[in-house]
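Residue numbers (full-length UniProt numbering): 1 to 255. First the structure, in the form of structure tokens, and then the observations on it.
Pasting the structure below:
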């Protein structure tokens with residue numbers, strides 16, 4: 001215990017990424033130097049193992065498609081991350097799971113604590129130009145009208161409570177609250193951007209400089225999750241043509 005007390009000041013250590021030690025990933029023989037390439041190599045090795053255990057042609061076809069998407073992303077690496085770029089690059093602490101579930105608030109709505117710091121890493125600066133997770137969501141430009149939505153039925157209320165959701169829906173069904181959340185997230189994203197512009201006058205240029213890299217990382221993470229592969233493939237098609245399309249606009253079309 002005495003030894004633990006002597007070292008209580010947080011200090012940077014090696015990066016910790018869930019992807020590298022989930023399941024059998026830790027034991028995979030993949031290079032650990034180029035981080036994104038290693039990330040993709042793990043996806044490919046995992047899917048190749050699954051391919052050997054495929055039970056029918058449909059499963060085999062799905063797995064082969066998954067592998068092909070990962071390999072296409074690998075081929076994009078030298079295009080999106082040219083080796084001639086100067087190193088080292090700027091980094092910033094980044095909380096990858098800064099969701100509402102990881103925020104504690106008091107009765108007045110004041111944030112009192114933020115949880116889940118074990119995977120916070122010093123990431124390339126372009127990663128930190130994306131919005132915090134709790135602000136992410138579809139772009140809903142029209143505010144939902146409460147009276148346009150149906151009321152919550154007694155059965156829906158009981159199912160919600162049984163699932164552990166103790167929030168009061170005030171008599172309206174959940175669709176209304178989902179759409180209201182999407183609308184308010186969109187409004188708050190604008191507030192966030194305006195605040196960042198005040199703090200950093202070159203914020204828009206910094207975001208523009210990192211947007212393709214940020215989307216590529218998002219595509220890799222979605223590929224690791226295994227869905228939606230059709231959306232990742234569409235995004236790759238556009239990038240390979242030298243055109244530009246935000247990954248989020250493919251994953252979450254405007255509503």
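All residues carry an ideal CB built from backbone N, CA and C; glycine is no exception. No experiment lies behind these values; they were computed from the predicted model shown.
Of all alpha-carbon atoms in 113, 77, 46 and 109, the one lying nearest the alpha-carbon of residue 23 is that of 46.
With contacts defined as CB atoms closer than 7 Å, residue 235 and residue 219 qualify as a contacting pair.
In the DSSP assignment, residue 250 falls within the alpha helix (DSSP H) that extends over 247-251. Secondary structure remark: continuous alpha helix (DSSP H) runs of at least 4 residues inside the UniProt region "Disordered" (133-169), in chain order: 154-162. For residue 105, the secondary structure class from DSSP, reduced to helix, strand or coil, is strand. Pairing residue 192 with residue 90, the inter-Cα distance amounts to about 22 Å. In the DSSP assignment, residue 128 falls outside any alpha helix (DSSP H) and carries neither an H nor an E.
Membership of residue 177 in the alpha helix (DSSP H) is indicated by the continuous run 174-199.
Linking residue 164 to residue 180 through their CA atoms gives a straight-line distance of about 21 Å.
Nearest to residue 138 by C-alpha distance, out of 9, 247 and 28, is 247. Between the alpha carbons of residue 185 and residue 54 lies a distance of about 41 Å. C-alpha of residue 74 to C-alpha of residue 37: approximately 7 Å in a straight line.
Judged by DSSP in its simplified three-state form, residue 94 adopts strand.
Annotation for residue 251: 231 place their beta carbon closer than 6 Å to its own, counting only its chain and skipping 5 residues before and after.
Remark: C-beta atoms of residue 44 and residue 67 approach each other more closely than 7 Å. Here residue 129 is buried: its Cβ has 16 or more other Cβ atoms, across all protein chains shown, within 10 Å.
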